[in-house]
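Asker:
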């Protein structure tokens, strides 16, 4: 099927379902691939050909029709499977993600972008889902995959993601986390606790004190809330729990009968999430009926963008084991989520051993860095220009990220040999600088990057697969 010229088909995409066959063709030509439909062509937009087939664009309209025809191309809920999220800031990386995922048993989230990332890349939630769907179709992926509306902060953030068919919603109530509660004096803490939105928490302070001021026996430890411990947990996270509950109610209203999953993320805050605080958060979310499938606490040490874990691994091991024991107390009903998880290769085996596979890995930006690695090898003048550009924009663009790269410790492009350019992607400081300046780079060089990468897609997919094979190997070995 589809052998005749002038079409060059993507073999993995050829799909027969019912009385109709679908394929992507002409992907070796400039611009996007085209959709070829032979059989029932109703509802698709495009050019009707003499033989009765249809040649159409990779448009939002055709994506919606194709999702209805091929149900596995619709994002799905993934439940408690070991899972991984793949951010794609360029919208062309999904076939590489599929290559790395296939055969691992890890449930993938191929569409994953935050409001912040969409703002910086100029993409909409619908475009992100459509790009991931076309990529999954391109690679012949027919297993469940998810779509993550990442780091939603306000009620107003939600509707565009619901309209686009997302199935996983990461709620980030970080603005309601009061880090100062860790060090507040007793009177200040008491005043803050009394002023919590108790109506949203559907409880009183007296009821909450009675519920928590006791000992809880876990599988390997006992957690005991003193009044001071409880007030610190309430002062720090009570507002965040209330906001998460509000976000959940809004999601339930908008989603209706459509299934969805939620994650609560407090990783991008200034202080570590104590074990007692994790216990309080999980217990309250369950009491309030929030349908959360994963929780991202702030672990000890530092999880910074694009680089390995910063801190003592023995301490992290103890910390993750403690968080996992709380998860088990609640009947393993949710997963621990590793945010800013890309390139933390030393952390993955620790997390898998502690959780028995109840873990979600969230990566973002690392596929973009692999694109720059390829550019550094095939278009060195452009990469030199981009490197100097990122050094100029780093101090401004870093403001919304937890990073510690020091600009003065890096060299401008004129002081680097051609052989040194790809090595920048292996170095702590340059890697973070390139990571957090993606929005500025795409504003200025986005068209150039797309043109070059689209001309070298097989190489780009190879780079991505190699990089994510290393990410997913520990999860594949111990998948539940």
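In this note's numbering, the protein residues as written are 378 to 857.
Glycine included, every Cβ here is placed at the ideal spot set by N, Cα and C.
Beta-carbon separation of residue 816 and residue 743 under 9 Å?
Answerer: No, the pair does not count as a contact, with Cβ atoms beyond the cut-off.
Asker: Using a Cβ distance threshold of 8 Å, determine whether the segment 538–555 contacts the segment 467–478, with at least three qualifying pairs required.
Answerer: With the cut-off at 8 Å, the segment 538–555 and the segment 467–478 do not touch.
Asker: Give the DSSP bridge partners of residue 424, in chain order.
Answerer: In DSSP, residue 424 forms a bridge with 432.
Asker: Going by DSSP in three states, residue 779 sits in which element: helix, strand or coil?
Answerer: If DSSP states are grouped into helix, strand and coil, residue 779 belongs with coil.
Asker: The beta strand (DSSP E) spanning residue 601 covers which residue range?
Answerer: Where residue 601 is concerned, the enclosing beta strand (DSSP E) stretches over 599–601.
Asker: Should the segment 489–501 be regarded as contacting the segment 746–764, the criterion being three or more beta carbon pairs within less than 8 Å?
Answerer: Output reads no: the segment 746–764 does not touch the segment 489–501.
Asker: May I have a chain-ordered list of the alpha helix (DSSP H) segments no shorter than 4 residues that lie completely inside the segment 499–547?
Answerer: Qualifying alpha helix (DSSP H) stretches, in chain order: 502–516 and 535–540.
Asker: Please determine, among 525, 511 and 455, the residue with the shortest C-alpha to C-alpha distance to residue 739.
Answerer: If we check each option's Cα against that of residue 739, 525 comes out closest.
Asker: In its own chain, which residues sit with a C-beta less than 6 Å from the C-beta of residue 400, not counting the 5 before and 5 after it?
Answerer: The answer, listed in chain order, is 379, 386, 390, 391 and 413.
Asker: Residue 585 and residue 592 look like a contact to me (Cβ under 8 Å); what is the Cβ gap, rounded to whole Å?
Answerer: Actually they do not touch by this definition, with Cβ atoms about 16 Å apart.
Asker: Tell me the residue span of the alpha helix (DSSP H) that contains residue 613.
Answerer: Looking at the DSSP string, the run of the alpha helix (DSSP H) that includes residue 613 is 604–632.
Asker: Excluding sequence positions up to five away, which residues of its chain have a Cβ less than 6 Å from the Cβ of residue 454?
Answerer: These residues qualify, in order along the chain: 544, 636 and 638.
Asker: Comparing alpha-carbon positions, which option in 796, 705, 818 and 804 lies nearest residue 762?
Answerer: When each option's Cα is compared against that of residue 762, the closest is 818.
Asker: Between which two residues does the beta strand (DSSP E) harbouring residue 394 extend?
Answerer: Run containing residue 394: 392–394, per the beta strand (DSSP E) assignment.
Asker: Is it true that the CB of residue 457 sits closer than 9 Å to the CB of residue 853?
Answerer: It is not a contact, given that the beta carbons lie outside the stated cut-off.
Asker: When the Cα atoms are used, what is the spatial distance from residue 805 to residue 587?
Answerer: Rounded to whole angstroms, residue 805 to residue 587 spans 48 Å at the Cα level.
Asker: Can you give me the C-alpha to C-alpha distance between residue 397 and residue 737, rounded to a whole angstrom?
Answerer: Each residue's alpha carbon lies about 36 Å from the other.
Asker: What runs of the alpha helix (DSSP H), each 4 residues or longer, lie entirely inside the segment 626–712?
Answerer: Listed in chain order, the complete alpha helix (DSSP H) runs (minimum 4 residues) inside the segment 626–712 are 652–664 and 690–706.
Asker: Just to confirm, is the Cβ distance from residue 468 to residue 497 under 9 Å?
Answerer: Against a cut-off of 9 Å, the Cβ pair of residue 497 and residue 468 comes out as no contact.
Asker: List in chain order: all unbroken alpha helix (DSSP H) runs of 4+ residues lying wholly within the segment 720–801.
Answerer: Those alpha helix (DSSP H) runs which fall completely within the segment 720–801 and span 4+ residues are 725–732, 743–755 and 757–774.
Asker: So which of 550, 680, 580 and 554 has the shortest CA-CA distance to residue 623?
Answerer: Residue 550 is the option with its Cα nearest to residue 623.
Asker: Determine the DSSP secondary structure at residue 380, reduced to helix, strand or coil.
Answerer: Here residue 380 scores only 44 on pLDDT, less than 50, and its place in the model should not be relied on; the value that follows carries that caveat. Coil.
Asker: Check the C-beta distance from residue 784 over to residue 768 and give it rounded, since I have them as a contact under 8 Å.
Answerer: About 6 Å separates the two Cβ atoms, so the contact holds.
Asker: What span of residues does the alpha helix (DSSP H) with residue 462 cover, start to end?
Answerer: From DSSP, residue 462 is part of no alpha helix (DSSP H) but of the beta strand (DSSP E) over 460–463.
Asker: Could you tell me whether the segment 611–621 touches the segment 558–574, using the rule of 3 or more Cβ pairs below 8 Å?
Answerer: Short answer: they touch.
Asker: Taking all protein chains shown into account, do 16 or more other C-beta atoms lie within 10 angstroms of the C-beta of residue 803, making it buried, or fewer, making it exposed?
Answerer: Exposed is the call here.
Asker: Going by C-alpha to C-alpha distance, which of 485, 776 and 532 sits closest to residue 520?
Answerer: For residue 520, the nearest C-alpha among the options comes from 485.
Asker: Rounded to whole angstroms, what's the CA-CA distance from residue 626 to residue 567? Just pull it up for me.
Answerer: Between residue 626 and residue 567, the C-alpha separation is close to 28 Å.
Asker: Can you tell me whether residue 708 is buried or exposed? The criterion is at least 16 other CB atoms within 10 Å of its CB, across all chains shown.
Answerer: Classification for residue 708: exposed.
Asker: Check the DSSP bridge columns for residue 486 and list the partner residues they point to.
Answerer: In the DSSP output, where bridge partners are listed per residue, residue 486 has 462 and 523.
Asker: Please list the terminal residues of the continuous alpha helix (DSSP H) segment that includes residue 591.
Answerer: Element bounds for residue 591: n/a, residue is neither H nor E.
Asker: Residue range of the alpha helix (DSSP H) that residue 822 falls in?
Answerer: Per DSSP, residue 822 belongs to the alpha helix (DSSP H) from 815–831.
Asker: Per DSSP, what are the beta-bridge partners of residue 402 in this structure?
Answerer: Note: residue 402 sits in a beta bridge opposite 386 and 411.
Asker: What is the rounded straight-line gap between the Cα of residue 691 and the Cα of residue 811?
Answerer: So the two alpha carbons sit approximately 30 Å from each other.
Asker: Taking the alpha helix (DSSP H) that residue 564 belongs to, which residues open and close that run?
Answerer: Per DSSP, residue 564 belongs to the alpha helix (DSSP H) from 563–571.
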